[in-house]
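I have placed the structure first, in the form of structure tokens, so that the comments after it can refer back to it.
Numbering (the UniProt record's numbering), first residue to last: 1 to 306.
Structure below.
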């Protein structure tokens, strides 16, 4: 399955392997969205400039790459001029004015839209970074610039199953770049935001333990964050994502095995109710956790005084 791009002027999907001329092309990258803004209509006369509003939604950052020619990003009293290959950051519309792109006929703007929760920067930092060129000649900036340019060029060839991984790479490189150019806020506040997000994810997991397809990738998509960031949050809590899911499933199975009201229910039915599909895998995991097989644990629990 190919990644989907759309020409907003015609509403048609482009042919595989190329981007159609037009004002805007989009590529969904899971935790990020790629927008390619180009001069509208047929090629303009030399020297004629064009402009376009770069769509952004509340709580969405935009990292913009100038490609093919110089660009000017403006909004309110903010403005920044970018040479080809340079990057700039624009804060969410609820924090900064909406952004307009102006450029020469040969230029295009490649904007990556990132949900704010993927970028650990408070509002004051967002304002300080808006309309400022970001270093792109080396390090994380050069890597991010190359990746964004490559995605814009190869958008029609990106497979859907690859898009999430590429989006995660864009998010990670953006955070790496921003961490080098600004103080991303009070470490204690950052830890508090991470703890809150981790609690949200754990609640999400606990409500879906019965689903055997529950996995880190789906959790990342549901919370609009990168897969790597999901793993990072659990590592900070000295856990793994799959380890937490398994632990919570086993806890529910153990409680059901000891419940007098479920004494006639089979072990297989109990394990299936909490997302285990393989009896052997379940039996080994249960014994590692509690020292006994599920059946023996139930027998001993039934004999124990209440």
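Glycine included, C-beta positions come from ideal geometry on N, C-alpha and C.
This one's a predicted model, so the numbers in the text were calculated from it and none came from an experiment.
Residue 203 counts as exposed, since fewer than 16 other beta carbons sit within 10 angstroms of its beta carbon. Of the residues 166, 134, 139, the one whose Cα lies closest to the Cα of residue 152 is 166.
In the three-state reduction of the DSSP assignment, residue 26 falls in the strand class. Setting aside the 5 residues that flank it on each side, residue 227 is surrounded in the same chain by 164, 165, 168, 216, 217, 220, each with a C-beta closer than 8 Å to its C-beta; the list follows chain order. Looking at the backbone, the Cα of residue 99 and that of residue 75 are separated by about 5 Å. Assigned with DSSP and collapsed to three states, residue 198 falls in helix. When Cβ pairs closer than 8 Å are counted between the two stretches, the segment 30–41 is seen to touch the segment 109–116, the count reaching three or more.
In this structure, 209 is the residue among 222, 161, 209 with its C-alpha nearest to the C-alpha of residue 249. Shown here, residue 60 sits in a strand according to DSSP, grouped into three states. Around the beta carbon of residue 30, 16 or more other beta carbons lie within 10 angstroms, which makes this residue buried.
Sequence-distant Cβ neighbours of residue 134 in its own chain, meaning closer than 7 Å and more than five residues away, are 87, 88, 89, 141, 177, 181.
Closest option to residue 198, judged by alpha-carbon separation, among 265, 136, 234, 71: 234. Taken in chain order, the complete beta strand (DSSP E) segments of 3 or more residues contained in the segment 130–170 are 132–134.
For the pair residue 71 and residue 107, the CB atoms are nearer than the 8 Å cut-off. Per DSSP, the continuous alpha helix (DSSP H) segment holding residue 253 begins and ends at 241–258. Linking residue 149 to residue 159 through their CA atoms gives a straight-line distance of about 17 Å.
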